[in-house]
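Enquirer: In the numbering used here, the protein residues as written are 4 to 840.
Don't be surprised by glycine CBs; every beta carbon is placed ideally from N, CA and C.
The model shown is predicted, which means the values in this text are computed figures rather than measured ones.
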Amino acid sequence: MNIFKKINDQQNKEIALPNEPNELFYSLKKEKEYSYLRGIQEEALTSWYQQKQNSHLLIKMNTGAGKTLVGLLILYSKLIETKKRSVFLCPDKQLVNQVFEQSQKYNIPTCIIDHDNEIPEEFLNNKAILITTVQKLFNGKNIFDRHKIEIETIVIDDAHKCVEKIKDAFTIKFKKDHPVYDELFALFGDELKKQAIGSYEAIKTEHPDYYMKLPFWSWIDNKEKVMKIFSNFLSEQETLLFTWDLFHNNFNQYEMYITSSKIEITPIKCYTQNIQTYANAKYKYALSATFENDISLLFDLDFPLKSIENPIEPKDRKDYGQRLILTPKRYFNDFNTDDIKTVINHHLNNNQNILVLVPSFREARAWESIGAKIISENIEEEIKKLKDSKGNFIVLANRYDGIDLGGEACNVLIIHEHPKYKFIRDKYLETILHTTNTNIIAQTIEQGMGRTVRSGNDFSVIYLFGKNILRFLRHKENFKFLNKHTRKQIEIGLNLLSQDEISEEKDYAKAIYETADFCLSQNEEWLKYYQNFMKDEDDEDIDNEKTKNLKIKDLEREAIIEFVKGNNENSAKLIRQILNMELTDAEFAIYTLLCSNVIYQIDKNTSNDLIIKAREKSRHMFEPFLSQQYLKKQLKTGNQFSKALKHIQSYSTMNDVIDTFNEVLVKLKYHHTNNSEDFEEAIKILGKILGFYSLRPEKEMNEGSDNLWHMENDCSLIMEAKSEKLHTNLISKSDISQLMHSLTWFDNKYLNENQEYYGVTLQYNKRGESDIEVNSKIKVLDNESLERIQTALRKYIEFLSKNKLNELTEEKIRAEFISYQLTSNTFVSSYLKNIKQ
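#1: Opposite residue 784 in the DSSP bridges: which residues?
#2: Name the two residues that bound the continuous beta strand (DSSP E) containing residue 697.
#3: Within 10 Å of its beta-carbon, does residue 838 have 16 or more other beta-carbons around it, so buried, or fewer, so exposed?
#4: Confirm, please, whether the CB-CB distance from residue 270 to residue 256 is below 7 Å.
#5: Hey, how far is the Cα of residue 275 from the Cα of residue 650?
#6: Taking the beta strand (DSSP E) that residue 378 falls in, what are its first and last residues?
#7: Reducing DSSP to helix, strand and coil, say where residue 114 ends up.
#8: Measuring straight from C-alpha to C-alpha, what distance separates residue 195 and residue 488?
#9: Excluding the 5 residues flanking residue 831 on each side, which residues of the same chain have their C-beta closer than 6 Å to its C-beta?
#10: Here's the rule: buried if 16 or more other CB atoms are within 10 angstroms of the residue's CB, otherwise exposed. What is residue 585?
#11: Please classify residue 855 as buried or exposed, where buried requires at least 16 other C-beta atoms within 10 Å of its C-beta.
#12: Excluding the five sequence neighbours on either side, which residues of its own chain have a C-beta within less than 7 Å of the C-beta of residue 113, listed in chain order?
#13: Please classify residue 794: is it buried, with 16 or more other beta-carbons within 10 angstroms of its beta-carbon, or exposed?
#14: If contacts are defined as beta-carbon pairs under 8 Å, then residue 76 and residue 48 qualify, I think. What distance do you get, rounded to the angstrom?
#15: By alpha-carbon positions, which one of 162, 148, 719 ends up nearest to residue 62?
#16: Would residue 722 pass as a contact of residue 710 if the rule is Cβ separation under 7 Å?
#17: Distance check for residue 137 and residue 2, CA to CA, integer angstroms please.
#18: Which residues in the same chain have their Cβ closer than 8 Å to the Cβ of residue 687, if we skip the five residues on either side of it in sequence?
#19: To the nearest angstrom, report how far apart residue 20 and residue 83 are at their CA atoms.
#20: Let's test the definition: count the other Cβ atoms within 10 Å of the Cβ of residue 781 and tell me whether it reaches 16, buried, or not, exposed.
#21: Are there 16 or more other CB atoms within 10 angstroms of the CB of residue 56, so buried, or fewer, so exposed?
#22: On a Cα-Cα basis, can you pick out the residue from 470, 768, 156 that is closest to residue 289?
#23: From the DSSP output, in three-state form, read off residue 669 for me.
#24: Can you tell me whether residue 623 is buried or exposed, with buried defined as 16 or more other CB within 10 angstroms of its CB?
#25: Can you give me the start and stop residues for the alpha helix (DSSP H) that residue 347 sits inside?
#26: DSSP state of residue 199, grouped into three classes?
#27: Closer than 6 Å: is that where the CB of residue 212 sits relative to any heavy atom of the ligand MG?
#28: Measure the Cβ-Cβ separation of residue 199 and residue 705 and say whether it is below 7 Å.
#29: Spatial neighbours of residue 44 within its chain, please: C-beta separation below 7 Å, excluding the five flanking residues on both sides.
#30: With DSSP as the reference, label residue 598 as helix, strand or coil.
#31: Looking only at DSSP bridge pairs, what is residue 93 linked to?
#32: Specify, as a first and last residue, the run of the alpha helix (DSSP H) that residue 777 falls within.
#33: By the DSSP assignment, the alpha helix (DSSP H) with residue 723 in it spans what residues?
#34: Kindly confirm or deny that the region 164 to 173 and the region 115 to 128 touch, where touching means at least three C-beta pairs closer than 8 Å.
#35: Considering only DSSP beta bridges, list what residue 326 is partnered with.
#36: Just to confirm, is the Cβ distance from residue 621 to residue 589 under 7 Å?
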């Protein structure tokens, strides 16, 4: 009997599992089809194991390369080694279910939180990995902090998406119909009106296109009043219940933004120290696709600079598969809806599945009108149909992740436009820095492409559509936001469809689908071409600009933490380190204003001086809070033809230049159907085309005229646009009155001795009503003059089409401008007219 007892005891003993993750994987009991790791997964796991003592690690793997399994094995390894709790965080519930199902396939012990919101016992007893959403941890009432549950290791999957969710958790929102909206608007109304009365009135009258940022001093000075207003709603689930504990102890670093529909109160930085379970976790690992922008992980999740600069990024890039990225409108400006239909029908006739990704159901319905099926419910079932059948044409709204259509499930992907700004603050920063939107588009493209190419054996044709994506691709500087592999794949499309090699008589749709077939056929010629093109891929380390930006953000992160702790002087010292670095004018303005913010409570005079200094660098900064004289802003000048050439050289190809200029032509007309926003933007771009300093003060600064041009000869045109007026409308007294107000604004802000200027009304008719009063400084650019400018621009476009981008010179542009009378010295006399009565 004793012998049998020993045998039974031995059988009941737990077999010790290895904690080296590759060995661990092969020791797991699993189905045969899941019995091997990819080379890239093994490489990532080996690199992690060699660095597992590091408290923070960033693991970057291409979408579809199997990073979820890597994350699960890392956590299981840690669970075995430490016998302490491990958590796998996902951005949403759907991905929680997907990760849980995947863990079961590999016999990795995991659990999830059920509807009762009780934490599973096997997790608490260190027997299983908990898979849950990032929102479960990052909220002011989270169950982990409430029950004082310690976690040893956290893996954050789809880290960039999780950061967006975390920012949302830290942001307080009040819709227009909430009583707090009116109370805050009343409390801060005078200050908002002082900053920009035009925007204030637009918001007050519920104009949807305007927003304002409340000055920091008004926010800080009214802390008690804000807290009193909020106190009545602390238990309200939709607004303050889950945000209050994240907010109240770092009030000063929050910022208030307002539109006609909502108020957002959002932190400069997510203060993750308020989530004790996260802050105290010993190991934090982020899983991310190969995006170029990792700043949010450093800044909001407090990953050390070293972990971001030296990510675990497998060198075996075969996991990318083959992607042919085509942007038809870049090659053929006249490519239209009928051409799109022809291309789609070609793919459907070839029994190929087509997936369309759009940001909203409004865009989805446009694709539905040409035959696509909108999928909004039972998405997983519909995706399964794609895997089991051919010739499908579906469209998904705002689903750029969580969809797996690798292999033969879908070889044709269309990405149409990108999601809008998640927060008002993003819109504000985009207005100043012009990088937020480019980041959103880059990540949309990268995430979207991962839906169809999930392994090194996959291949896909990806079509990019939408005016914002098109504008993004036209400008060379935006390509730094894409990973190096994606840049090369976009170049392939340009290489195959070079405008120089395609006749104007070519069937556009046929040219596109024949190029697509080159990839989809997977013939030897294509494979050889693709491999030769991609082997020259630039695989350098992080470039200098990215390194600089990371260092700046790391200093800002430390500065905000010091600010929250009340160490304002230390915070200011860190920001001054940033200000001593090489910055653009916009960056200098942003950080000068931040420095003004952190020292406001200890030195108001210096704070005010810094606001004035910031305004000298960017027109978007606040008006100072103290009455103080300061120098008028100097408008930028420079050689007209050099600036015109530089503007052209900012585009990727000459075809991109011509497409943009043609878009300007379409919008550059007086007609009641021509949207004023489009017209004013066309005037702004026209100014840049002509080599003038060109801006939209009322739009960009919340003050002043609709448009402003400043020319090389120190002459300024202060313009008010009335593009929607009928041809029978005369120039009215109110038109002139508005123009005079703008001239007064210009005088106060810019006008200096010896500077020439004209107030210009932009409208169809050159005749005025009998009661108007004008002087020699008031002009009109009427329809006849505008048509002459259009003619000149068409000739200029024709000239550009006969030149290559790298062959243009200042002298060639100068000769063209002289012939069209578009130089600084001739524009006023050639195109501006006196108003007739």
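Expert: Straight from the coordinates:
#1: Start at 1 with the first residue of the sequence shown, and residue 784 comes out as number 781. Its beta-bridge partners are 765.
#2: The residue given as residue 697 occupies position 694 in the sequence shown. Run containing residue 697: 696 to 698, per the beta strand (DSSP E) assignment.
#3: In the sequence shown, residue 838 corresponds to position 835, counting from 1. Classification of residue 838: buried, given that the 10 Å Cβ count is 16 or more.
#4: If you number the sequence shown from 1, residue 256 lands on position 253. If you number the sequence shown from 1, residue 270 lands on position 267. Taking 7 Å as the Cβ cut-off, residue 256 and residue 270 qualify as a contacting pair.
#5: The count along the sequence shown starts at 1 and reaches residue 275 at position 272. The count along the sequence shown starts at 1 and reaches residue 650 at position 647. Each residue's Cα considered, the two are about 42 Å apart.
#6: As a working mapping, residue 378 is identified with position 375 in the sequence shown. Its beta strand (DSSP E) spans residues 376 to 378.
#7: As a first step, residue 114 must be located in the sequence shown, where it is residue number 111. Strand, per DSSP.
#8: Reading the sequence shown from its first residue, position 192 is the one you call residue 195. Reading the sequence shown from its first residue, position 485 is the one you call residue 488. So the two alpha carbons sit approximately 46 Å from each other.
#9: Taking the sequence shown and counting its residues from 1, one reaches residue 831 at position 828. No residues qualify anywhere along the chain.
#10: Counting from one through the sequence shown, the residue named residue 585 turns up at place 582. Within 10 angstroms of the beta-carbon of residue 585 lie fewer than 16 other beta-carbons, which makes it exposed.
#11: Since the displayed the chain opens at 4 and closes at 840, residue 855 lies outside it and no answer follows.
#12: Along the sequence shown, one-based indexing puts residue 113 at 110. So the list reads 103, 106, 131, 132, 134, once near-sequence residues are dropped.
#13: Taking the sequence shown and counting its residues from 1, the one referred to as residue 794 is at position 791. When all chains shown are included, residue 794 counts as exposed.
#14: Residue mapping note: residue 76 aligns to position 73 of the sequence shown, counting from 1. Residue mapping note: residue 48 aligns to position 45 of the sequence shown, counting from 1. The pair is a contact, with the Cβ atoms about 6 Å apart (cut-off 8 Å).
#15: One-based indexing of the sequence shown puts residue 62 at position 59. Nearest of 162, 148, 719 to residue 62, Cα basis: 162.
#16: For the purposes of this step, residue 722 is identified with residue 719 of the sequence shown, where counting begins at 1. For the purposes of this step, residue 710 is identified with residue 707 of the sequence shown, where counting begins at 1. It is a contact, given that the beta carbons lie within the stated cut-off.
#17: Missing from the structure shown is residue 2; the chain here goes from 4 to 840 and no further.
#18: Translated into the one-based positions of the sequence shown, residue 687 becomes position 684. 697, 698, 699, 710.
#19: Numbered from 1 along the sequence shown, position 17 holds the residue referred to as residue 20. Numbered from 1 along the sequence shown, position 80 holds the residue referred to as residue 83. Going from the Cα of residue 20 to the Cα of residue 83 covers about 7 Å.
#20: Start at 1 with the first residue of the sequence shown, and residue 781 comes out as number 778. Classification of residue 781: buried, given that the 10 Å Cβ count is 16 or more.
#21: Translated into the one-based positions of the sequence shown, residue 56 becomes position 53. Exposed, by the Cβ-count rule.
#22: For this step, residue 289 is matched to residue 286 along the sequence shown. It is 156.
#23: As a first step, residue 669 is located in the sequence shown; it is residue number 666 there, counting from the start. It is helical.
#24: As a first step, residue 623 is located in the sequence shown; it is residue number 620 there, counting from the start. So residue 623 counts as buried.
#25: Position 344 of the sequence shown, counted from the first residue, corresponds to residue 347. Where residue 347 is concerned, the enclosing alpha helix (DSSP H) stretches over 340 to 352.
#26: Residue 199 sits at position 196 when you count from the first residue of the sequence shown. DSSP places residue 199 in coil when its eight states are reduced to three.
#27: The ligand MG is not part of this structure, which contains no ligands at all.
#28: Translated into the one-based positions of the sequence shown, residue 199 becomes position 196. Translated into the one-based positions of the sequence shown, residue 705 becomes position 702. Result yes, Cβ atoms of residue 199 and residue 705 sit closer than 7 Å.
#29: As a first step, residue 44 is located in the sequence shown; it is residue number 41 there, counting from the start. Excluding sequence neighbours, residue 44 sits near 69, 72, 73.
#30: Within the sequence shown, residue 598 is the residue found at index 595, counting from 1. Residue state, collapsed to three classes: helix.
#31: Locating residue 93 in the sequence shown gives position 90, where the first residue counts as 1. Residue 93 pairs with 136.
#32: The sequence position of residue 777 within the sequence shown is 774, counting from 1. First-last for residue 777: undefined, no H or E at that position.
#33: Here residue 723 refers to the residue found at position 720 of the sequence shown. Taken as a continuous stretch (DSSP letters only), residue 723 belongs to no alpha helix (DSSP H), being part of the beta strand (DSSP E) at 718 to 724.
#34: no
#35: Stepping through the sequence shown from its first residue, residue 326 is reached at position 323. Paired residue(s): 463.
#36: Reading the sequence shown from its first residue, position 618 is the one you call residue 621. Reading the sequence shown from its first residue, position 586 is the one you call residue 589. Taking 7 Å as the Cβ cut-off, residue 621 and residue 589 qualify as a contacting pair.
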